[in-house]
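Here the structure is laid out as structure tokens; the discussion comes afterwards.
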Amino acid sequence: MMKGKLTAILMLSLIICKVQAQQPTVGGNLSRRVNIHVEKESIGSILNRISTSSNFYFSYQGTLFKTDSLVNLSAQNLPVREVLDKLFNGKIDYREEGQYIILRSAALHLTIEPDNITTAEKLYLISGYVTDTKTGLKIKQASVYEKRLLQSTLTDNEGYFKLRFRGDYNEVILTASKESYRDTTLVFLSNITIKPEGYADDTDPVTGKRRKGGPNNNLVERMGIGRFLVSSKQRIQSMNIPDFIANSPFQVSITPGLSSHGMMSSQIVNKASLNLFGGYTAGLNGFEAAGLFNMNKGDAQYLQMAGLFNVVGGSFNGLQAAGILNTVIGDSKGLQMAGIMNEVSGNSKTLQAAGIFNHVRKHAVGFQMAGIMNLVNGDMSGFQAAGLLNLTSQQVNGVQLSGLINYTKRLKGIQIGLLNIADQSDGYSIGLINIVKNGYHKVSLSTNETGMYNTSVKLGNDKFYSILMLGQNFSDTAKVKAFGIGFGHDFLMGKRFSIAAEICSQFLYLGNWDHSNVLTRYQVNLQVKLFKNLSIFGGPAYSVYNSSAPPGSSGNGYKQQIAPDYSTEISNHTRGWFGWNAGLTLF
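The opening residue of the sequence shown carries number 0 in numbering that gives the first Met the number 0; numbering runs sequentially from there.
Shown next, in the form of structure tokens:
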């Protein structure tokens with residue numbers, strides 16, 4: 000009997016010990032104390048260290064935080080809860096489930112507390128407060144809206160709101176949103192039918208998330224013009240409900256905020272939009288016109304016209320026309336016309352026409368025409384035409400035509416202007432001065448059958464180079480001074496030999512400026528490279544001399560006859576002859 004009691008007591012003791020061994024330590028896993036000191040280690044690795052040393056597991060969604068982010072952490076005999084607070088700066092909440100610590104977002108929560116609900120024939124009035132569920136404090140500047148009816152308001156400094164709905168309703172679904180808080184929704188029922196028309200909601204009724212992509216940023220509101228024209232209430236609402244976008248067939252505005260959609264205008268994409276002075280909407284899917292300006296938070300397409308400016312926060316596809324400015328923050332396709340400036344912050348497949356300036360911040364394909372300047376920060380494939388300057392920061396595949404300067408980093412097309420500049424060129428630079436950083440910078444010294452000695456500077460590349468010339472005959476009794484320009488092309492035949500085909504035109508000074516004396520030469524030179532920076536050349540030439548000066552009209556000590564006796568008469572004032580050309584080239 001005694002032996003049986005001892006056996007029962009021993010078995011009970013073993014069971015109790017086993018159960019106690021399976022229980023977590025007093026205070027749970029979050030109260031376990033750990034020691035850790037790491038520098039520039041990933042968050043995922045730190046969590047593995049903590050869980051391994053304390054014999055429990057962490058559970059969390061992969062999108063909750065970036066597990067590969069590198070951080071520094073030092074903790075000496077601290078509870079796991081405090082270590083996690085240091086690691087996540089209080090942005091993550093913790094909950095224990097057995098041997099697991101569940102990590103979850105510590106987003107704040109709010110709720111709607113109605114204090115007055117009034118229903119009447121075709122009228123529904125709701126007022127109340129938005130409060131923080133944890134602290135009970137009233138939330139100011141929270142957005143309260145009915146997403147189907149496209150009506151909204153902001154709470155005041157006391158967290159109070161009031162909304163009035165006119166029409167036949169079966170229910171009113173109010174949503175409260177505030178930056179850094181989770182949305183909350185309440186349904187208010189009535190015995191009246193609701194059939195709202197004129198909108199389409201892009202949000203999933205189950206998840207509350209938008210089905211399609213749309214404007215989830217406020218780039219327009221961050222611009223100087225946006226901060227000036229968009230009210231603070233609209234900017235706050237954009238922060239509170241950035242992902243709610245609806246569609247509507249039509250809207251009318253006087254100014255931003257004074258719209259047929261009220262404060263919800265910046266959350267709605269319209270098929271037709273008419274703005275007396277200006278309007279601010281979520282986007283455009285049709286036609287928009289304004290006396291002064293149009294501003295769209297997101298994408299816009301088809302036709303947009305304004306007396307002063309159009310601003311699109313997303314991408315644009317279609318025709319934009321403005322008296323002063325068109326700005327697209329995303330990509331652009333179609334046609335932009337502005338009295339002063341067109342600007343695309345993304346990629347452009349557009350014909351841009353502006354009185355002063357066109358600017359594409361990424362890559363451009365198409366046509367740019369500007370009275371003063373065209374600028375592309377990326378590659379340009381197409382045609383640039385400007386009164387003064389074309390500038391492409393990367394590569395040109397096409398044509399740059401300007402009255403003064405063309406520049407690109409890499410040329411695989413044609414430049415036509417007084418000054419053409421490229422770092423690298425596989426194309427053609429046609430102008431008075433053509434500068435290619437990795438191209439020709441040659442100086443030639445030459446003479447010919449006229450007795451003149453010429454110094455020439457050749458700029459460009461082998462496909463096409465410009466020639467700037469100065470010449471002089473050093474005779475005391477038959478002086479000639481000359482200056483001119485020319486163009487040439489080198490036919491390369493290996494590393495040492497090439498043939499240059501050139502045309503040069505020089506104005507000759509013969510002691511006075513009373514007459515025009517122009518010598519044009521067509522010459523072909525065989526060029527032989529002797530050393531790295533020295534070549535010699537020579538070959539035949541054909542000269543055409545046109546002069547309005549009668550015989551003997553040159554100044555004292557200057558040459559009276561330029562054309563040799565064997566020249567032939569082409570016309571009354573023009574003679575031609577064959578000659579030669581020879582010299583050396585440096586660099």
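All C-beta atoms in this analysis are idealised placements derived from N, C-alpha and C, irrespective of residue type, glycine included.
Judged by beta-carbon spacing, Gly329 lies within the 7 angstroms limit of Ser314, meaning their Cβ atoms are closer than that value.
The C-beta distance from Ala175 to Leu107 rounds to 12 angstroms, too long to meet the 8 angstroms contact threshold. The beta carbons of Ser504 and Gly483 sit closer together than 7 angstroms.
Partner residues in the beta bridge of Gly459, as assigned by DSSP, are Tyr439, Tyr464. Note that the C-beta distance between Ala369 and Phe382 is not below 7 angstroms. The Cβ neighbour count for Arg165, taken over all protein chains shown within 10 Å, is under 16; the residue is labelled exposed. When only Cα atoms are considered, Ala384 and Ser401 end up about 6 angstroms apart.
Straight through space, the alpha carbons of Gln414 and Phe473 are spaced by roughly 38 angstroms. CA-to-CA, the gap between Ser258 and Ser265 works out to about 10 angstroms. Inclusion of Phe249 and Ala271 in the CB contact set at 7 angstroms is warranted, their separation being smaller than that value. Residue pairing by DSSP places His358 opposite Glu342, Leu374 in a beta bridge. In this structure, Asn284 and Val268 form a Cβ contact; the two beta carbons are roughly 6 angstroms apart against a cut-off of 8 angstroms.
Uninterrupted beta strand (DSSP E) stretches at least 3 residues long and entirely within the region 219 to 297 occur at 245 to 254, 267 to 274, 277 to 280, 282 to 289, 292 to 295, given in chain order. DSSP places Lys558 outside any alpha helix (DSSP H), giving it a letter other than H or E. At least 7 angstroms separates the beta-carbon of Asn28 from that of Glu81. Straight through space, the alpha carbons of Leu83 and Leu102 are spaced by roughly 10 angstroms.
Three or more Cβ pairs drawn from the region 553 to 573 and the region 537 to 545 lie within less than 8 angstroms of each other, which places the two stretches in contact.
Straight-line spacing of the CA atoms in Val479 and Gly554 works out to 10 angstroms.
In the structure shown, Lys478 adopts extended strand secondary structure according to DSSP, grouped into three states. When DSSP reads this structure, Ser331 sits in a beta bridge with Phe315, Ser347. Taking each of Ser566, Asp461, Gly261, Tyr93 in turn and checking the Cα distance to Lys441, the smallest one comes out for Asp461. Around Gly354, the same chain offers Gly338, Ile339, Gly370 as residues with beta carbons nearer than 6 angstroms, after the five sequence neighbours per side are excluded. Note on geometry: alpha-carbon atoms of Ile404 and Asn376 lie some 16 angstroms from one another.
In this structure, Gly582 lies away from Ser392, with their beta-carbon atoms at least 7 angstroms apart. Selection Asn389, Phe530, Ile49 evaluated against Leu585 yields Phe530 as nearest (Cα-Cα). In the DSSP assignment, Asn396 falls within the unbroken beta strand (DSSP E) covering 388 to 401. Taking C-alpha positions only, Leu148 is separated from Ser142 by approximately 15 angstroms. When beta bridges are read from the DSSP output, Tyr508 appears opposite Lys480.
Under the DSSP assignment, Ser50 falls in the alpha helix (DSSP H) whose first and last residues are 42 to 53. For Gly278 and Asn88, the gap between their C-alpha atoms comes out near 41 angstroms. About 6 angstroms separates the Cβ atoms of Ile502 and Gly485, confirming a contact at the 8 angstroms cut-off. Less than 7 angstroms separates the beta-carbon of Lys411 from that of Asn396.
In terms of Cα proximity to Gly158, the closest of Leu185, Pro113, Glu170, Thr184 is Pro113. Under DSSP, Lys161 forms a beta bridge with Ser126. Residues of the same chain with a CB within less than 6 angstroms of the CB of Arg520, apart from the 5 flanking positions on each side, are Cys503, Ala540, Ser542 in chain order.
Rounded to the nearest whole angstrom, the CA to CA distance from Thr51 to Tyr93 is 18 angstroms.
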